[in-house]
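K.L.:
Submitted below is the structure of interest, expressed as structure tokens.
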Amino acid sequence: MKASLLDELSRRPLLGDGATGTQLQSMGLAPGACGERWNLDHPDRVRELHRRYLAAGSDLLTTNSFGGTTTVLAGHGLDAQARAINAAAASLAREIAGDRAWVLGDIGPFGGMLEPFGDVAPEAAEAAFRAQAEALLAGGADALLVETMSDPAEMELALRAGRSAGAPVLLATYAFQKTAVGYRTMMGTTAAEAVRRAREAGADIVGANCGTELSLADYEKLTAELVAAAGGVPVIVQPNAGSPVIRDGRISYAESAAEFAAAAPRLLAAGARIVGGCCGSTPDHIAAMRPQVKR
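The sequence shown maps to residues 373 to 667 in our numbering.
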């Protein structure tokens, strides 16, 4: 029987997994197609991706459910299948993880803008997050990861929905970009403010993923800011493998597995307790980080 996620994290740093979307594309997912649908149509390929990350050393497997709210799935005509898609996402990851890894139920942005900037009422967004959270937990997720958020208000709604659905652990990560005045979310929120609001909304673990045009050196500096703001709450950092570049009609990412391996001890020294990868990262990136994290 594995220990609780937070108890284990208090004893040692943990290794996350890497990208889902870009990896599924390498396995045949067409650009623009709904990757979450593969939980029902191609479960064997989703299992294989989780299996590769587990073999690479991941302590945490992230479900294939980033765009799993009814609001996002509606764009693919799949909103009526949202519960089945999310429950399957968690079940597939749980099947591979067994007692060797924790399953993070992945919740991304709901795909719109909240009032007053947009036309979506907070109650509607929270209901979409709550439905997804319930399905992920029913499918076997150990915790919920609310990631790639730019608006702290949206983060707060998702965290509240996750807690009300019964999530035992909540992780909250924002997407940051480098500006003339420091690291900010797309909404202009500082790392300190983003972390404060996530903590007040109930996040047990806070951090960053999927930064826009951030180098690994930037992530190291950002990690220090996040840790300073976290007040002892564990910090998770999962960088992109560089910025996407289109070559010969295909998207590629420049930062290598060796560069991720070199960055891992620096991120840990800056105070991160979970490190992994986001867009463009692969099982090879995670495997390269493994000796640096699991000493």
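Just so you know, even glycine gets a beta-carbon here, dropped at the ideal spot from N, CA and C.
Looking at C-beta atoms only, is the number of pairs between the segment 625-636 and the segment 648-661 that lie closer than 8 Å three or more?
P.N.:
Counting Cβ pairs under 8 Å, three or more are found: they touch.
K.L.:
Cα separation between Thr443 and Arg667?
P.N.:
Each residue's Cα considered, the two are about 42 Å apart.
K.L.:
Using a Cβ distance threshold of 8 Å, determine whether the segment 506-516 contacts the segment 452-471, with at least three qualifying pairs required.
P.N.:
The answer is yes - the segment 452-471 touches the segment 506-516, with three or more Cβ pairs under 8 Å.
K.L.:
So for Leu476, helix, strand or coil by DSSP?
P.N.:
DSSP places Leu476 in strand when its eight states are reduced to three.
K.L.:
Would you kindly check if the distance between the Cβ of Ile608 and the Cβ of Thr545 is under 8 Å?
P.N.:
A contact, by the Cβ cut-off of 8 Å.
K.L.:
Contact between the segment 383-394 and the segment 424-434 is defined here as three or more beta-carbon pairs at a separation below 8 Å; is this criterion met?
P.N.:
The segment 383-394 is in contact with the segment 424-434.
K.L.:
Are there 16 or more other CB atoms within 10 angstroms of the CB of Ser430, so buried, or fewer, so exposed?
P.N.:
The residue in question, Ser430, is buried, as its Cβ has 16 or more Cβ neighbours within 10 Å.
K.L.:
DSSP state of Glu519, grouped into three classes?
P.N.:
In this structure, Glu519 counts as strand in the three-state DSSP scheme.
K.L.:
Please report the straight-line C-alpha distance between Gly480 and Pro494, rounded to a whole angstrom.
P.N.:
Spanning the two alpha carbons is a distance of roughly 16 Å.
K.L.:
Taking the beta strand (DSSP E) that Gly554 falls in, what are its first and last residues?
P.N.:
Its beta strand (DSSP E) spans residues Gly554 to Arg556.
K.L.:
Mapping the DSSP letters down to three states, classify Gly470 as helix, strand or coil.
P.N.:
The answer is coil: DSSP assigns Gly470 none of H, G, I, E or B.
K.L.:
Would you mind giving the Cβ-Cβ distance between Ala515 and Leu476, rounded to the nearest angstrom? I have them listed as a contact below 8 Å.
P.N.:
Confirmed, Cβ separation roughly 5 Å.
K.L.:
Would you list the residues sitting across from Ile608 in a DSSP beta bridge?
P.N.:
Paired residues: Gly579 and Ile646.
K.L.:
Quick check on the burial criterion: 16 or more other C-beta atoms within 10 angstroms. Buried or exposed for Asp523?
P.N.:
The residue is buried, with at least 16 neighbouring Cβ atoms inside 10 Å.
K.L.:
Thr551 bridges to which residues according to DSSP?
P.N.:
According to DSSP, which records beta bridges pairwise, Thr551 is partnered with Gly554.
K.L.:
Can you tell me whether Asp576 is buried or exposed, with buried defined as 16 or more other CB within 10 angstroms of its CB?
P.N.:
Buried is the call here.
K.L.:
According to the neighbour-count rule (16 or more other Cβ atoms, all chains shown, within 10 Å of its Cβ), is Glu498 buried or exposed?
P.N.:
Buried, since its Cβ has 16 or more Cβ neighbours within 10 Å.
K.L.:
Please name the residue in Gly603, Ala552, Gly574 and Phe548 whose C-alpha comes closest to that of Glu592.
P.N.:
Measuring from the Cα of Glu592, the nearest candidate turns out to be Phe548.
K.L.:
With distances taken between CB atoms, is the gap from Met399 to Arg384 smaller than 8 Å?
P.N.:
No, they are not a contact pair.
K.L.:
Go to Leu432, then tell me how far its beta strand (DSSP E) extends in each direction, as first and last residue.
P.N.:
Residues Leu432 to Thr434.
K.L.:
Based on the DSSP output, what are the partners of Val665 in its beta bridges?
P.N.:
For Val665, which the question treats as bridged, DSSP gives no partner whatsoever.
K.L.:
Suppose contacts are defined by Cβ-Cβ distances below 8 Å. Is Cys650 in contact with Pro606 by that definition?
P.N.:
Their beta carbons are not under 8 Å apart, which means Cys650 does not touch Pro606 by this criterion.
K.L.:
At a cut-off of 7 Å, would you count Ala452 as near the ligand FAD, judging by its Cβ distance to the nearest heavy atom?
P.N.:
The ligand FAD is not among the ligands present in this structure, which contains no ligands whatsoever.
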